[in-house]
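Take a look at the structure below.
Numbering (the UniProt record's numbering), first residue to last: 1 to 250.
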């Protein structure tokens, strides 16, 4: 009797496991995902108030944000103006339970909100994100030290020049932006610790010297750096390229 031939069905081949996608901090910081949402803020819209619960880290995708502190007497002091690629609200990662300051948008913009738990996980598990964040913290520390030195030892004229240059991103890793967001003279006065009338006086002086331009918006020229480098700038007889006054110390 012939043996019955038994044919076994072919074994199913399992597809190879998908390779785990490498972590990209640029994508992480500009897209929504677990623990991350993007908020669209209008000019002058509040982001968080002083005393509010601190449980979110913020990252500016586009736009400009001001950080202010309010006193019990109702006075307001601007302690920082932040722009694209800046973090803020990081105190929640260091055990801060309530906001010590308030934040609001100066211009329309998009801001990424990262929950405290999502931020802590990224810092723990993603070295690329940790590197970016630590660099931010170090840069912020250096900036605070420079602000303190500026406030203690420099004239209000030099403090204003430095504030305008920082707003235009001079001296930072990013490309300088000659045209900056509209900032009131009252806000500038708060930032540098002087009166609005003094700010108005120095702004008119800077314009006459060619350091800044008014034409429906504020333009900052690199020659303004000389005000920070020298105490009493003045225009030399010759003009530098572009019609901007060259400076030297008296």
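Ideal Cβ placement from N, Cα and C applies to all residues, glycine included.
The C-beta of residue 134 has fewer than 16 other C-beta atoms within 10 Å across all chains shown, which makes the residue exposed.
In its chain, beyond the 5 residues on either side, 50, 76 and 102 have a beta carbon closer than 7 Å to the beta carbon of residue 70. In this structure, the beta-carbon distance from residue 165 to residue 224 falls below 8 Å.
Annotated as distal: residue 98 and residue 26, with beta-carbon spacing of 8 Å or more. The residues 77 and 78, in chain order, have a CB closer than 6 Å to that of residue 190 in the same chain once the five nearest residues on each side in sequence are set aside. In the DSSP assignment, the residues bridged to residue 66 are 81 and 104.
The C-alpha of residue 93 is placed about 11 Å away from the C-alpha of residue 114.
Rounded to whole angstroms, the gap between the alpha carbons of residue 58 and residue 106 is 15 Å. Bridge partners of residue 53 according to DSSP: 98.
DSSP places residue 166 in the helix class (H, G or I) of the three-state scheme.
Straight through space, the alpha carbons of residue 38 and residue 127 are spaced by roughly 23 Å.
Per DSSP, reduced to three states, the secondary structure at residue 213 is strand. Under the three-state reduction of DSSP, residue 21 is assigned to coil, being neither helix nor strand.
Under the three-state reduction of DSSP, residue 141 is assigned to helix. Residue 32 carries a coil assignment under DSSP once its states are collapsed to helix, strand and coil. Straight across, the Cα-Cα distance linking residue 90 with residue 192 is about 24 Å. Spanning the alpha carbons of residue 179 and residue 110 requires a straight line of approximately 19 Å.
Residue environment: residue 142 is assigned as exposed (fewer than 16 neighbouring CB atoms within 10 Å of its CB, all protein chains considered). Between residue 54 and residue 96, the CB-CB gap stays under 8 Å. Judged by DSSP secondary structure, residue 93 falls outside any beta strand (DSSP E); it is assigned neither H nor E. In terms of Cβ geometry, residue 88 and residue 61 do not form a close pair [threshold 8 Å]. Annotated three-state conformation of residue 183 is coil, per DSSP. Cα atoms of residue 35 and residue 119: separation of roughly 8 Å, rounded to the nearest angstrom.
Within its own chain, no residue has a Cβ closer than 6 Å to the Cβ of residue 147 once the five positions on either side in sequence are excluded. Beta bridge pairing from DSSP links residue 109 with 41. Counting only residues of its own chain and dropping the five nearest sequence neighbours on each side, residue 198 has a CB closer than 6 Å to the CB of 156.
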